[in-house]
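Peer 1: One structure coming up, written as structure tokens, with questions to follow.
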Amino acid sequence: MHDRYHHVVKQATYAVQDNHAFWEGRSLRAWTDVLVDTLVAEFDPVSIILFGSLATESDGPDSDIDLLVVLDDAPLADRRRTMVEMRRVTRGVAAPHDLLVTSIADFERNSARPGTTEYEPAQHGVAVYERVAA
């Protein structure tokens, strides 16, 4: 049976060194820099926050890159579409990654509220990019 939709998954070289994941010969930290550079160039975010095991330096062989991208304006209705576009733009990044999107207003409002998208990155994350004020 022929599928109507065909998805191509890039085959990436994966290795473990000192209990950390390496994709295409690069550490997850190195891939984080690639992701951040790509997202900054395409979306001009206010900030990008790394969270999860990589931020707490407890990453291991099964870890991925978790980023919260804070935009000037990200209406709730548009966030899914924005995340899809971000995934399209970062498709060439071999390392596994999860991208979440929020607005600066929602980040400020929800960063101290457990259970929100913003809480974990705000409480335990590390800012890997902050836009310089003009």
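My numbering puts the first residue of the sequence shown at 1, with every later residue one more than the last. All C-beta atoms, glycine included, are put in the ideal place defined by N, C-alpha and C. These numbers were taken from a predicted model, which means no experiment stands behind them.
DSSP three-state call for Arg26: helix, strand or coil?
Peer 2: strand
Peer 1: Rounded to a whole number of angstroms, what is the C-alpha to C-alpha distance between Glu118 and Asp73?
Peer 2: 15 Å
Peer 1: Might you give, ordered along the chain, the residues of its own chain that have their beta carbon closer than 7 Å to the beta carbon of Ser63, omitting 5 neighbours on each side?
Peer 2: Excluding residues within five positions, the ones whose Cβ falls inside 7 Å are Ala21, Leu28, Ser53 and Leu54.
Peer 1: Mind listing, in chain order, the continuous alpha helix (DSSP H) runs of no fewer than 4 residues lying wholly within the segment 60-110?
Peer 2: As far as the segment 60-110 is concerned, its whole alpha helix (DSSP H) runs of at least 4 residues are 76-89 and 104-110.
Peer 1: Could you say if the segment 108-116 and the segment 73-82 meet the contact criterion of at least three C-beta pairs nearer than 8 Å?
Peer 2: no
Peer 1: Note down, in chain order, each residue of its chain lying with its Cβ closer than 6 Å to the Cβ of Leu100, except the 5 sequence neighbours on either side.
Peer 2: Closer than 6 Å at Cβ, skipping near neighbours: Leu68 and Thr117.
Peer 1: For Thr38 and Gly92, what's the separation of their Cα atoms in angstroms?
Peer 2: 10 Å
Peer 1: CB-CB under 8 Å to Val9, same chain, minus the five flanking residues each way: which ones, in chain order?
Peer 2: Because the pLDDT of Val9 is 40, which lies under 50, any placement of that residue in the model is unreliable, and the number read from its coordinates should be weighed accordingly. Within the same chain, Val9 has no close Cβ partners at all.
Peer 1: Using CA atoms only, rank isn't needed, just tell me which of Val128, Leu35, Asp33 and Ile48 is closest to Asp103.
Peer 2: Looking at the sequence itself, residue 103 is Ser, so the reference to Asp does not match. Per the C-alpha coordinates, the member of Val128, Leu35, Asp33 and Ile48 positioned closest to Ser103 is Ile48.
Peer 1: In the DSSP output, which residue or residues are listed as bridge partners for Val126?
Peer 2: Leu50
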